[in-house]
Amino acid sequence: MRVSTSRLPATIAACALCASVVAACGSSRAAATPPSGASGAVRAQGSGCVSQAEAQQIWTGIDNQIIAFEANPEDANPDIVATGAALQAIQTYLAQQLEANHWTEREVDKLDSLTVANAGCNNGTLVVHGTLTLITDEYLAGDGQVDHHDSQEGQKQDFIDNYVRVGGYWKQSQLQNPNQSAPTATPEVI
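Going left to right, the sequence shown walks through residues 510 to 699 as our numbering numbers them.
This is how it looks when you write it as structure tokens:
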């Protein structure tokens, strides 16, 4: 899935969450087990600063869940992992690009780098900058056959993602292409 010329965080088709909890400079930690009814959610504990390792766990957990939504858009519940402009972008993409065309998406990417630009201290916004390589991004027709591939396959993509704490969980709140001056919420198939 693409947002403008950047990418909407989404990768491996599994719904993997954090496997371990890493200590941070504050008491904020990503939990390995979400409560019932919030499968795929990444727990935020406390209001402290987020470490590099925790930020990567948050990004990976949410990214994996979004990929799972793309693989099964009809049963997707993106409000588990997104809010605000990011939620709107995901919902629009799933409805207008995948469901309307009777497609599902099989995406695999590799996180090349992730940097914490704002550690989200004192219940603030966690902001990460990163680069990923889009390994595979196939759009599948209703019969399971590949309809087309994303033209960005095999290429590196930069991203800026914002996350906020909502009801004790991390949710992606904004997506931005680092080459654009303002965040975008309009997804498109490239």
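Think of the CB as a built atom: it goes at the ideal place given N, C-alpha and C, for glycine as much as any other residue.
Whole angstroms are fine: how far does the CA of residue j sit from the CA of residue i?
i	j	result
E662	I567	24 Å
S682	D656	31 Å
H658	Q664	13 Å
V559	D572	17 Å
V636	F668	10 Å
A562	Q666	21 Å
I576	S556	28 Å
N686	D652	33 Å
E583	K619	26 Å
Q565	A609	33 Å
L607	E616	13 Å
V673	D588	13 Å
Y648	T592	25 Å
Q554	Q654	42 Å
W612	L596	20 Å
A628	H638	12 Å
C630	D621	25 Å
Measuring alpha carbon to alpha carbon, tell me which residue in the options is nearest residue i.
i	options	result
R552	P687, L684, G677	G677
F578	V559, I599, A595	I599
V590	W679, L603, E647	W679
N671	I644, N586, V625	V625
D646	A550, Q574, A580, Q554	A580
N632	A564, V675, Q606	V675
S706	L643, Q606, N586, A564	In the structure displayed, the chain extends from 510 to 699; residue 706 sits before or after that span and is not available.
L684	N586, A594, A550	A594
Q574	D588, G549, Q597	G549
L623	L641, N586, W612, G570	L641
A585	L603, T569, T592	L603
A650	C630, E614, G639, G629	E614
So, helix, strand or coil for residue i, using DSSP?
i	result
T592	coil
D667	strand
W679	strand
G629	coil
G557	coil
T569	helix
With which residues is residue i paired in a DSSP beta bridge?
i	result
V655	L649
Q574	Paired residues: none, contrary to the question.
G639	L623, F668
Q661	Q661 pairs with nothing; no bridge assigned.
Verify the contact flag: residue i, CB atom, against every heavy atom of the ligand SAM, threshold strictly below 7 Å.
i	result
K665	What this structure holds is no ligand at all, so the ligand SAM is not there to describe.
Problem set entry | Every unbroken beta strand (DSSP E) within the region 595-619, with a cutoff of 3 residues, ordered by chain | none
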